[in-house]
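In UniProt numbering, the protein residues as written are 1 to 112.
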């Protein structure tokens, strides 16, 4: 594991409240680690200052809900049906590996 990977796992673990031993590069921030709303925003706000990443193209609402994260009855019905937080919330997943990639490139980039 590189120092960058370890530093990002440490950051994500601190924000999610999950022990870093349980955070992997394949972990999704919302589905696996429960990062949403302000907690997810804190991770992305740390990227420029701690890792020099340009997040100007990052679309927060594409991946996370804003606080308060009102889920409602439709969310719970979708969660029961699909058993996937991303599908239930209608949000695209982000993995820790994608954060590593953004830090290596020094910018958040969406694949075209």
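Note that the Cβ used here is the ideal one computed from N, Cα and C, for glycine as well.
With a threshold of 7 Å on Cβ separation, who are the neighbours of residue i within its own chain once the five nearest residues in sequence on each side are excluded?
i, result
"residue 94", "28, 29 and 63"
"residue 53", "47, 102, 103, 106, 107 and 108"
"residue 17", "none"
"residue 33", "12, 16, 18, 23 and 27"
In angstroms with no decimal places, state the Cα-to-Cα distance between residue i and residue j.
i, j, result
"residue 14", "residue 20", "8 Å"
"residue 23", "residue 58", "22 Å"
"residue 1", "residue 97", "12 Å"
"residue 50", "residue 41", "14 Å"
"residue 111", "residue 60", "16 Å"
"residue 45", "residue 55", "8 Å"
"residue 3", "residue 91", "29 Å"
"residue 89", "residue 65", "8 Å"
With DSSP collapsed to three states, give me the class of residue i.
i, result
"residue 61", "helix"
"residue 54", "strand"
"residue 9", "helix"
"residue 35", "coil"
"residue 23", "coil"
Leaving out five residues on either side along the sequence, give the residues of the same chain with a beta carbon under 6 Å from the beta carbon of residue i.
i, result
"residue 5", "100"
"residue 9", "20 and 23"
"residue 25", "96 and 97"
Ordered along the chain, which non-local residues of its own chain (more than five positions away) have a Cβ less than 8 Å from that of residue i?
i, result
"residue 43", "11, 12, 15, 29, 35 and 99"
From the DSSP secondary-structure annotation, give me the bridge partner or partners of residue i.
i, result
"residue 95", "28"
"residue 40", "In DSSP, residue 40 forms no bridge with anything."
"residue 89", "In the DSSP output, where bridge partners are listed per residue, residue 89 has none listed."
"residue 107", "54"
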